[in-house]
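Undergrad: Below are the structure tokens for one structure; questions will follow.
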Amino acid sequence: MTSAETTRSARSTGITDAAGPADQDRPAPRPAPAPQDVPDAREVTGPEAAPQFVLPLVARIERAEPPARTDALETAARAVLVLLSDERAVGEGEWAAAVRDWQDAQIRKVVRRARGAEWRRAQELPGITVRGHHAEVRVHPPVPLDGWPKDLARLQVSGTELDDPAEPEAPPADRPVLWFNPELQMSAGKEMAQAGHGAQLAWWGLTEEEQAAWRAAGFPLAVRSAEPAAWEALTRSGLPVVQDAGFTEIAPGSCTVVADHPALRRTPPGSH
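Heads up, the sequence shown is in my numbering, so the first residue is 5 and it goes up one at a time.
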């Protein structure tokens, strides 16, 4: 298994999904201050040699009242940001070591669904519940790949299919937007993980002051499908790009998300 080699900087970063179970999305390691290549995952000295952690995201999807798809995607993206910026996840916080280990290895996000008693049990485990308009997503601190808590391990990814009752409105001009590739079809669960990847890349690209301002505002963001005519320009704009290795659902090398935070724009993309 070989990870895609990507030259990375704070403002133009490739994320790669590597091989794994269908419910796992796995990006490349956190960007270093200076550009560098992603090591070949076959090398024992590469990221695969480090202990592997996953970031569990649990979406509440009740049969009677499932959330709208865009609401769920935006809430999942915000959940990743809330976890990354939480005091327990940085410095000497109780989750900080696990978060560092997760970010320093082959980063994985796992999206699963819960309802009823399953959701209530998930609330009892360490984590943070983030609410959107109607969507609820609980993000848990990273756990070892082979050491999932029982109440999370039993949750399913299948059935995470959601729809939007109406076309989402155009986002405000100053709103960070995670633009999805309009030519790709993905399940809601995979798109939630991809939205989380995009949000994480945007977070890494900001200065501490910009991060603090975004957090203070409550991490406003939008998830939208880009116009087909604008997509190529977005991928060439210098903004962070999520790139999929294609082991599940879509073709290898597919660009799935462009993270368009106003602070990361070198020049206006001219596409929205």
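Backbone N, C-alpha and C fix where the C-beta goes; we use that ideal spot for every residue, glycine too. None of the values given here were measured: they were computed from a predicted structure.
(1) Assuming THR74 is part of the beta strand (DSSP E), what are its boundary residues?
(2) Report buried or exposed for LYS194, applying the criterion of at least 16 other Cβ atoms within 10 angstroms of its Cβ.
(3) Unbroken beta strand (DSSP E) runs of length 3 or more, entirely within the segment 95 to 154: which are they?
(4) Are the CB atoms of ALA203 and ALA81 within a distance shorter than 8 Å?
(5) Starting from the C-beta of PRO172, find all residues in its chain whose C-beta is less than 7 Å away, skip the five residues before and the five after it, and write them out in chain order.
(6) With H, G and I counted as helix, E and B as strand and the rest as coil, what does DSSP make of THR164?
(7) Taking THR79 as the reference, give the member of VAL62, ALA68 and ASP90 with the closest Cα.
(8) Rounded to whole angstroms, how far is the Cβ of TRP183 from the Cβ of VAL84, which I believe are closer than 8 Å?
(9) Please name the residue, chosen from LEU225, LEU159, SER258 and PHE223, that lies closest to GLU236 on a Cα-to-Cα basis.
(10) Below 6 Å CB to CB, which residues in the same chain sit around ARG116 once its five sequence neighbours on both sides are set aside?
(11) Can you find the residues in the same chain that come closer than 8 Å, C-beta to C-beta, to ASP178, ignoring five residues on each side of it along the sequence?
(12) Quick check: the Cα distance between ALA278 and GLU212, rounded to an integer number of angstroms?
(13) Applying the 10 Å Cβ sphere with the 16-neighbour rule, what's the burial state of GLN189?
(14) Excluding the five sequence neighbours on either side, which residues of its own chain have a C-beta within less than 6 Å of the C-beta of HIS137, listed in chain order?
TA: This is what the structure holds:
(1) In the sequence shown, counting from the first residue as 1, residue 74 sits at position 70. From DSSP, THR74 is part of no beta strand (DSSP E) but of the alpha helix (DSSP H) over 73 to 89.
(2) Position 190 of the sequence shown, counting from 1, holds the residue named residue 194. Under this definition LYS194 is a buried residue.
(3) Counting only runs of at least 3 residues, the segment 95 to 154 fully encloses the following beta strand (DSSP E) elements, listed from N- to C-terminal order: 113 to 118, 132 to 135 and 140 to 143.
(4) Here residue 81 is taken as the residue at index 77 of the sequence shown, counted from 1. Here residue 203 is taken as the residue at index 199 of the sequence shown, counted from 1. Yes, the Cβ-Cβ distance between ALA81 and ALA203 is below 8 Å.
(5) Taking the sequence shown and counting its residues from 1, the one referred to as residue 172 is at position 168. Cβ contact annotation for PRO172 (same chain, cutoff 7 Å, sequence separation greater than five): THR74 and ARG228, in chain order.
(6) For the purposes of this step, residue 164 is identified with residue 160 of the sequence shown, where counting begins at 1. Taken through DSSP and simplified to helix, strand or coil, THR164 comes out as coil.
(7) The residue given as residue 79 occupies position 75 in the sequence shown. Comparing C-alpha distances from THR79 to each of VAL62, ALA68 and ASP90 shows the shortest one belongs to VAL62.
(8) For the purposes of this step, residue 183 is identified with residue 179 of the sequence shown, where counting begins at 1. For the purposes of this step, residue 84 is identified with residue 80 of the sequence shown, where counting begins at 1. Wrong, their Cβ atoms sit about 17 Å apart, outside the cutoff.
(9) If you number the sequence shown from 1, residue 236 lands on position 232. For GLU236, the closest C-alpha among the options LEU225, LEU159, SER258 and PHE223 is that of SER258.
(10) The residue labelled residue 116 in the question sits at position 112 within the sequence shown. Within the same chain, ARG116 has close Cβ partners VAL62, LEU159 and VAL161.
(11) Translated into positions along the sequence shown, residue 178 becomes position 174. For ASP178, the CB contacts under 8 Å within the same chain, skipping 5 residues up- and downstream, are PRO266 in chain order.
(12) Any property of residue 278 remains undetermined from this structure, which presents the chain solely from 5 to 276.
(13) Walking along the sequence shown from the start, residue 189 turns up at place 185. Exposed, because fewer than 16 other Cβ atoms sit within 10 Å of the Cβ of GLN189.
(14) The sequence position of residue 137 within the sequence shown is 133, counting from 1. Only ASP75 meet the Cβ criterion.
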